[in-house]
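Notes to accompany the following structure.
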Amino acid sequence: MRRVAVRAVRAHLVKFALSVLAVTLGVSFVSGTFALRAMLTDTFDGIVEGSMLADTYVRGAGGAAVDMMDPIAPAPDLVPIELASELSTVDGVELALPELTGSVILVGADGTAVSTGAAPSFGLAWTPEDPSQEIVAGTAPTGPHEIALEPATLTTSGLALGDETRIVVAGEVRDVTVVGEVGGLGPVSGATITVLDAATARADFAPDGLVPSIAVHGAGTVSEDELTARVAAALPDDAEALTGTAMRAESSAEIAESLGFVTTFLLVFALIALFVGAFIIANTFAMDIRQRQRELAMLRAVGASPAQVFGSVLVQATVVGLVGSLLGLLGGIGLVAGLQVVFGQMGMELAGQVPVDPTTVLVSLAVGTLVAVLAAVVPARRAALVRPVEAMREDTAATERSLRTRGWIGTALTLAGAGATLAAALAGSDGAIADNRGSVLGAGAGAVVVGVLLLAPVLARGTLRVLAAPFTWAVRPVGRLAQGNVLRSPRRTASTASALMIGMALVGAVAVMAASTQASIRDVVESDFTADFIVTTPTQIVPAGALEAVRAA
Numbered sequence: 002m003r004r005v006a007v008r009a010v011r012a013h014l015v016k017f018a019l020s021v022l023a024v025t026l027g028v029s030f031v032s033g034t035f036a037l038r039a040m041l042t043d044t045f046d047g048i049v050e051g052s053m054l055a056d057t058y059v060r061g062a063g064g065a066a067v068d069m070m071d072p073i074a075p076a077p078d079l080v081p082i083e084l085a086s087e088l089s090t091v092d093g094v095e096l097a098l099p100e101l102t103g104s105v106i107l108v109g110a111d112g113t114a115v116s117t118g119a120a121p122s123f124g125l126a127w128t129p130e131d132p133s134q135e136i137v138a139g140t141a142p143t144g145p146h147e148i149a150l151e152p153a154t155l156t157t158s159g160l161a162l163g164d165e166t167r168i169v170v171a172g173e174v175r176d177v178t179v180v181g182e183v184g185g186l187g188p189v190s191g192a193t194i195t196v197l198d199a200a201t202a203r204a205d206f207a208p209d210g211l212v213p214s215i216a217v218h219g220a221g222t223v224s225e226d227e228l229t230a231r232v233a234a235a236l237p238d239d240a241e242a243l244t245g246t247a248m249r250a251e252s253s254a255e256i257a258e259s260l261g262f263v264t265t266f267l268l269v270f271a272l273i274a275l276f277v278g279a280f281i282i283a284n285t286f287a288m289d290i291r292q293r294q295r296e297l298a299m300l301r302a303v304g305a306s307p308a309q310v311f312g313s314v315l316v317q318a319t320v321v322g323l324v325g326s327l328l329g330l331l332g333g334i335g336l337v338a339g340l341q342v343v344f345g346q347m348g349m350e351l352a353g354q355v356p357v358d359p360t361t362v363l364v365s366l367a368v369g370t371l372v373a374v375l376a377a378v379v380p381a382r383r384a385a386l387v388r389p390v391e392a393m394r395e396d397t398a399a400t401e402r403s404l405r406t407r408g409w410i411g412t413a414l415t416l417a418g419a420g421a422t423l424a425a426a427l428a429g430s431d432g433a434i435a436d437n438r439g440s441v442l443g444a445g446a447g448a449v450v451v452g453v454l455l456l457a458p459v460l461a462r463g464t465l466r467v468l469a470a471p472f473t474w475a476v477r478p479v480g481r482l483a484q485g486n487v488l489r490s491p492r493r494t495a496s497t498a499s500a501l502m503i504g505m506a507l508v509g510a511v512a513v514m515a516a517s518t519q520a521s522i523r524d525v526v527e528s529d530f531t532a533d534f535i536v537t538t539p540t541q542i543v544p545a546g547a548l549e550a551v552r553a554a
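With the numbering used here applied, the sequence shown corresponds to residues 2 to 554, in that order.
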């Protein structure tokens, strides 16, 4: 029977092509999502590993991890910058560096702010002792009117050593000269990095003498844990010490949590694609079973059991699922590779090659194959129930079964879903429904969709008679023939239209959500911003002289 199943797939390759395509699209989303998540994780982990080289980190008690990707984010607890000098005297400490970093907007050679997508733009202090910094060209910056740039920033900005430009820092527009190029900062993934001299950075980023953290580098004489314990013993009660390993793990965990939303968002689309694809697969196998009814009956007549016929159809579905999954796996990887090129052209380099780990491969193959097999279960059951006597009949048209049970179930689900959706929409601010409004609304909407799908064959006859009326009147012979074909089998008609119905429902839902969001944002903006013009900056800090300049305009 396995040979029969494989030969059937070979003989009907064109027929199964649409099913393979449906699996391919769904699996492409799945494999692409996992590969993109892994690549983004590797990229940000590389940034964390390359920028957080210290053995111990000191921060305010209850503080958050140092976020190099969002340097303007407020730190909940700060520590005195003078604490770095005290920690330098601890036994086993070679160097203690306060974190002097903050937002800096660099003006490029074209006179506009240097920006690479959503990557941050920040500045940091030049510290000769810092192992992560080195001058690769020019000299180190000295004074408030000299800066050095990271190599990628130097290229992106179009500036060269010796060029004069401007920066916006601490709400002030400052004329500066590019005097050096600083390397060794590790992967920056498109970030715009401006290096200031230590005194200037302290005045700009820590005017009150407080910093988010202090990086402590050991002399290599003791372990990381021992060094952290010694540093902790020298700290006041409102500060804490963490090992470099713990700090890096904490930062990576926060990044992973942020990426979790992206993964969930993309996987939702993958599930929708697979759900719609399941209808296409079920329709394809249903039509194939009808056309091969005499062939299947002949197999029964020569001794094949219902279980063997059932299994042969599932083998066909497995082949379709595996082929579609393999193509989808390659498609997802290719899609991520394309995104990598696009991000690279935008100045946001993603780490390494597209990762293809065993988990991604196994999940992609399993999901695609499982969807194909489950979608083929009902057609396979119909094939198994074909009687041997059907092989001797010329007319093998299937008898339509009653739709009464299906209609009642569909009606119940539709009413229950509509009730849940209405309850979620009308619920106040208190109560069990209000506390779980999103879950109730989602469950209700899902029940309505499933209920309508079940009701589709029941409603098909009456609905199609009305919809087909103009065609039967305008083109009578062809219109009547078409109407008769679609009314002859309500199940087949509804099954064929289900995938399109789901797609149109999704398009309508997204369109309504987009329109609602735009209207809400428009109302908020119009009510909050009543002035003719708004002056702002990327850092939300307006330079001190801007108000006088605007008044004088």
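Beta carbons are placed, not taken as given, at the ideal position from N, Cα and C, and that holds for glycine.
All of these numbers come straight from a predicted model, not from anything done at the bench.
Does the beta-carbon distance from V137 to A500 come in below 7 angstroms? no
7 angstroms is my cut-off, CB to CB: does R293 come that close to chain C? Although the question refers to chain C, the structure presented lacks it and comprises just one protein chain.
Buried/exposed call for R8, threshold 16 Cβ in 10 Å: exposed
Taking T246 as the reference, give the member of V232, A233, D226 and R231 with the closest Cα. D226
Would you kindly report the start and end of the unbroken alpha helix (DSSP H) that includes G278? G245 to Q292
Report back the beta-carbon spacing between L107 and I168 to the nearest angstrom; my notes put them in contact at under 8 angstroms. 6 angstroms
Could you tell me whether the Cβ atoms of G181 and A220 are closer together than 7 angstroms? no
In the DSSP assignment, what are the bridge partners of P99? I215
Do you know how far the Cα of F472 is from the Cα of N284? 26 angstroms
Residues bridged to E165 (per DSSP): T178
Taking the CB atoms as reference points, tell me whether I282 and S521 lie closer together than 7 angstroms. no
Taking the alpha-carbon positions, what's the A385 to A287 distance? 12 angstroms
Please classify R231: does DSSP put it in a helix, a strand, or coil? helix
Taking E527 as part of the alpha helix (DSSP H), name the residues at either end of that continuous run. P491 to D529
Is it true that the CB of V459 sits closer than 7 angstroms to the CB of A377? no
Going by DSSP in three states, S89 sits in which element: helix, strand or coil? coil
Please state the DSSP three-state secondary structure of D198. strand
Looking only at C-alpha atoms, which of P142, S365 and G109 sits nearest to A161? G109
Beta-carbon separation (whole angstroms), S52 vs L272, contact threshold 8 angstroms: That pair is no contact at about 36 angstroms.
Relative to the C-alpha of V223, which candidate in R203, T244, P237 and G210 has its C-alpha closest? T244
Nearest neighbour of G463, chosen from G445, L488, L482 and V479 [CA to CA]: L488
Please check the pair E135 and A216, which I expect to be a contact at CB under 8 angstroms, by giving their CB distance rounded to whole angstroms. With a Cβ gap of about 17 angstroms, E135 and A216 do not count as contacting.
What are the start and end residues of the beta strand (DSSP E) that includes I148? E147 to L150
Would you mind working out which of L371, T412 and V441 sits nearest A424, comparing C-alpha positions? V441
Return helix, strand or coil for A74, following the three-state DSSP convention. In this prediction, A74 scores a pLDDT of 47, lower than 50, which makes its location untrustworthy; no coordinate-derived value is stated.
First and last residue of the alpha helix (DSSP H) that includes S313? P307 to Q346
Three-state secondary structure (DSSP) at G185? coil
In the DSSP assignment, what are the bridge partners of P81? L211
Can the beta-carbon of A308 be found less than 7 angstroms from the beta-carbon of A373? no
Among V115, R60, S104 and G27, which has the Cα closest to the Cα of F123? S104
One or two residues paired with R60 in a DSSP bridge: S214 and E241
Using the three-state DSSP reduction, which class does R4 fall into: helix, strand or coil? helix
Could you give the first and the last residue of the continuous beta strand (DSSP E) run that contains S122? S122 to W127
Quick check on this structure: which residue in F35, F45 and G420 has the alpha carbon closest to the alpha carbon of G452? G420
Residue range of the unbroken alpha helix (DSSP H) whose run includes E549: A547 to A553
Quick one, which of V179, A202, S403 and L465 has its alpha-carbon nearest L155's? V179
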